[in-house]
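Chains as they are written, first to last, in the working numbering: chain X, 2 to 215; chain W, 3 to 372.
Every residue, glycine too, gets a C-beta built ideally from N, C-alpha and C.
Below is the structure:
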């Protein structure tokens, strides 16, 4: 089965270590909220603002989730220290998008997918299936892997922080984005590459439509 | 989109602290025999009441075995034409913990056996699936997985979906919930005025969802999603998000609230969750349906709970038997029908609630095949 999605807006961002200027202070004016945000939450908030999405269904994804919080918890346990409740609540995979829902008072369905290297491919598939209901969805994926000693396990990713967002709806029109979804010459995280390639291949002057093979 | 197909739970298998199969689990639930035991092996030797699976197999070998059980019991010869949908909150964190706490560094940690996709990676060593996807929304993970299975079947995209809700105990989850101060030192007593917290537990629950009905099938009639947009760990105090999820599930199932005979509540035993859920049920249903939580027997199996409790709902429908709230002595909310004993009655529709960190809510409606 094939479903065509119109890419209404798209944004992506990356850095080899840490993305700067996510406009967090401007986008999250309440300090009490801002200080609790994880890196992936800050990336998600930034990307949602770039595609002008505040309310509606969201499918978020990450292969490794809140790895900085998880790493902190593991170190605390190893060192026989107590676990910070804030780090624990911020360690679940749906943390980033939960903060996004609170920021915009978005009470719609918001789900999180974690499918390893196929994460963004599965966001696209599930997004296309859910978009058959006729609404506009935000598809968003992040990886924030900048933890102490990350080099011990990372041998293949050049960008430790990365995120991509696509605002989509179903269309009956023909697809016009032709790209190899899996091409990854720049060494982005594989988990994000399908969506990044779509975002990169969108044309500013045309309606952008991509065919998703379910 | 026009929805035409129906989705049926046709085959199940499970393992949790309160049973290794459906009969054992349901007997223990109805007899009030809890699988929760005090254990000091997690988190700095601190004694906590948790639910540990009793098995000779290690956790993931047991999972492969339970997945194989589905093939033995179902009308499928293999999973080649089946979508695998995983719901898990921690994936392979216990594998990471064993390596990291033993060796003190990350060098031998395999990223493919750390994250949520660990479950799919392990199962794909033994079985071939048409495709796979994993949901991780904390304690609603496998409820959302079931909702997705319902969607892809009713939309005619798949005919067979294997949903697996799974979470192993880990020091991270036990220690994390300890840090939040919400763990009870006894088997929990949801909805009791004197409740003192929850029990973390592990479980695996496998459900084959198919578009064609078979003997002993139960229909998934609808799913309702919502977000609290309120707080990372605290539910909305009036249960507004929970109520919205239940309303959405009823709407999708195209039934009225009066048709729900029983609600298998999220009912964790924490002050905040139970209070919010009571208010949500009271606000939407009043005192009509019977309500109970089975977590005093199974513990809170986190990402596996939606799938495990879906199997319990199937057993409720098959047996026409509503299980009691074990250990409930004094109801906090007397305006909802918190059952104090097992009730044998004709049951047509049941609802299962799952709520999670981040205000993620998912309600499912199950019904007898009409």
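Chain X contact for residue i (CB, 8 Å cutoff)
i: residue 152 of chain W; result: no
i: residue 260 of chain W; result: no
i: residue 359 of chain W; result: yes
i: residue 1 of chain W; result: Here chain W comprises residues numbered 3 to 372, so residue 1 of chain W is not present and cannot be evaluated.
i: residue 131 of chain W; result: no
i: residue 140 of chain W; result: yes
i: residue 136 of chain W; result: yes
i: residue 109 of chain W; result: yes
i: residue 211 of chain W; result: no
i: residue 246 of chain W; result: yes
i: residue 2 of chain W; result: Nothing can be reported for residue 2 of chain W, as the shown portion of chain W is limited to 3 through 372.
i: residue 373 of chain W; result: Only positions 3 to 372 of chain W appear in this structure, which leaves residue 373 of chain W out of reach.
i: residue 256 of chain W; result: no
i: residue 2 of chain W; result: Examination of residue 2 of chain W is not possible in this model, given that chain W is present from 3 through 372 alone.
i: residue 119 of chain W; result: yes
i: residue 7 of chain W; result: no
Inter-residue CB distance, residue i and residue j (contact presumed, cutoff 8 Å)
i: residue 24 of chain W; j: residue 313 of chain W; result: 6 Å
i: residue 124 of chain X; j: residue 49 of chain X; result: That belief does not hold up - the Cβ atoms of residue 124 of chain X and residue 49 of chain X are roughly 14 Å apart, past 8 Å.
i: residue 207 of chain W; j: residue 309 of chain W; result: 4 Å
i: residue 163 of chain X; j: residue 144 of chain X; result: 5 Å
i: residue 114 of chain W; j: residue 116 of chain X; result: With a Cβ gap of about 12 Å, residue 114 of chain W and residue 116 of chain X do not count as contacting.
i: residue 174 of chain W; j: residue 92 of chain W; result: 7 Å
i: residue 36 of chain W; j: residue 226 of chain W; result: Contact flag wrong, Cβ pair sits at about 30 Å.
i: residue 117 of chain W; j: residue 94 of chain W; result: 7 Å
i: residue 17 of chain W; j: residue 64 of chain W; result: 6 Å
i: residue 17 of chain X; j: residue 160 of chain X; result: 6 Å
Amino acids of chain A, ordered along the chain, whose beta-carbon sits closer than 8 Å to that of residue i
i: residue 110 of chain X; result: The displayed structure is made up of protein chains X and W, and chain A is not among them.
Residue i at chain W interface by Cβ criterion, 8 Å
i: residue 26 of chain X; result: no
i: residue 32 of chain X; result: no
i: residue 90 of chain X; result: yes
i: residue 106 of chain X; result: yes
i: residue 69 of chain X; result: no
i: residue 94 of chain X; result: yes
i: residue 103 of chain X; result: yes
i: residue 65 of chain X; result: yes
i: residue 190 of chain X; result: no
i: residue 83 of chain X; result: yes
i: residue 50 of chain X; result: no
i: residue 41 of chain X; result: no
i: residue 2 of chain X; result: yes
i: residue 215 of chain X; result: yes
i: residue 75 of chain X; result: yes
i: residue 201 of chain X; result: no
i: residue 60 of chain X; result: no
i: residue 194 of chain X; result: no
i: residue 53 of chain X; result: no
Cβ-based contacts, 8 Å cut-off: residues of the segment 176-188 of chain X near chain W: Listed by position along the chain: nothing, the set is empty.
Where the segment 150-182 of chain W meets chain X: residues whose CB sits under 7 Å from a CB there: Taking 7 Å as the Cβ-Cβ cut-off against chain X, the residues of the segment 150-182 of chain W that qualify are 150, 153, 154, 157, 159, 173, 174, 177, 178, 181 and 182.
Residues of the segment 147-169 of chain X with Cβ closer than 7 Å to any Cβ of chain W, in chain order: Answer in chain order: 150, 153 and 154.
Selection of the segment 77-106 of chain W by Cβ proximity to chain X, strictly under 8 Å: Cβ contacts with chain X: 91, 93, 95, 98, 99, 102, 103 and 106.
Interface positions of the segment 111-122 of chain X facing chain W (Cβ-Cβ less than 7 Å), listed along the chain: Along the segment 111-122 of chain X, the positions whose C-beta sits under 7 Å from a C-beta of chain W are 111, 112, 113, 114, 115, 116 and 117, read in chain order.
Stretch-stretch touch, CB-based, cutoff 8 Å, three pairs: the segment 92-111 of chain X with the segment 358-369 of chain W: With the cut-off at 8 Å, the segment 92-111 of chain X and the segment 358-369 of chain W touch.
Contact residues within the segment 229-243 of chain W, judged by C-beta distance below 9 Å to chain X: Going along the segment 229-243 of chain W in chain order, one finds 229, 230, 231, 232, 233, 234, 235, 242 and 243 with a Cβ nearer than 9 Å to chain X.
Chain W contacts from the segment 126-140 of chain X (Cβ-Cβ distance under 8 Å): Result list: 126, 127, 130, 131, 133, 134 and 135.
Segment contact, 8 Å Cβ cut-off, at least three pairs: the segment 156-170 of chain W with the segment 284-294 of chain W: The answer is no - the segment 284-294 of chain W does not touch the segment 156-170 of chain W, with fewer than three Cβ pairs under 8 Å.
Contained alpha helix (DSSP H) runs [length at least 4] in the segment 56-137 of chain X, N- to C-terminal order: Qualifying alpha helix (DSSP H) stretches, in chain order: 68-79, 86-90, 96-105 and 120-132.
Cβ contact (3+ pairs, closer than 8 Å) linking the segment 263-282 of chain W and the segment 190-198 of chain W: Touching, yes, given that three or more Cβ pairs across the two stretches are closer than 8 Å.
The segment 296-307 of chain W contacting the segment 195-204 of chain W, beta-carbon criterion three pairs below 8 Å: Taking 8 Å as the limit for Cβ pairs, the verdict is that the segment 195-204 of chain W does touch the segment 296-307 of chain W.
Contact the segment 121-137 of chain X vs the segment 168-182 of chain X: 3+ CB pairs below 8 Å: Yes, since at least three Cβ pairs between the segment 121-137 of chain X and the segment 168-182 of chain X fall closer than 8 Å, the two stretches touch.
Completely contained alpha helix (DSSP H) runs for the segment 113-185 of chain W, where each covers 4 or more residues: Segments of the alpha helix (DSSP H) lying fully in the segment 113-185 of chain W: 120-125, 143-156 and 173-181.
Alpha helix (DSSP H) runs wholly inside the segment 206-285 of chain W, at least 4 long, in chain order: The segment 206-285 of chain W contains these whole alpha helix (DSSP H) runs: 242-255.
Residues of the segment 314-334 of chain W whose Cβ lies closer than 8 Å to any Cβ of chain X, in chain order: Cβ proximity to chain X below 8 Å picks out nothing from the segment 314-334 of chain W.
Chain W contacts made by the segment 5-24 of chain X, where a contact means CB separation under 9 Å: Listed in sequence order: no entries.
Stretch-stretch touch, CB-based, cutoff 8 Å, three pairs: the segment 162-176 of chain X with the segment 77-94 of chain X: Inter-segment contact for the segment 162-176 of chain X and the segment 77-94 of chain X is absent: fewer than three beta-carbon pairs are separated by less than 8 Å.
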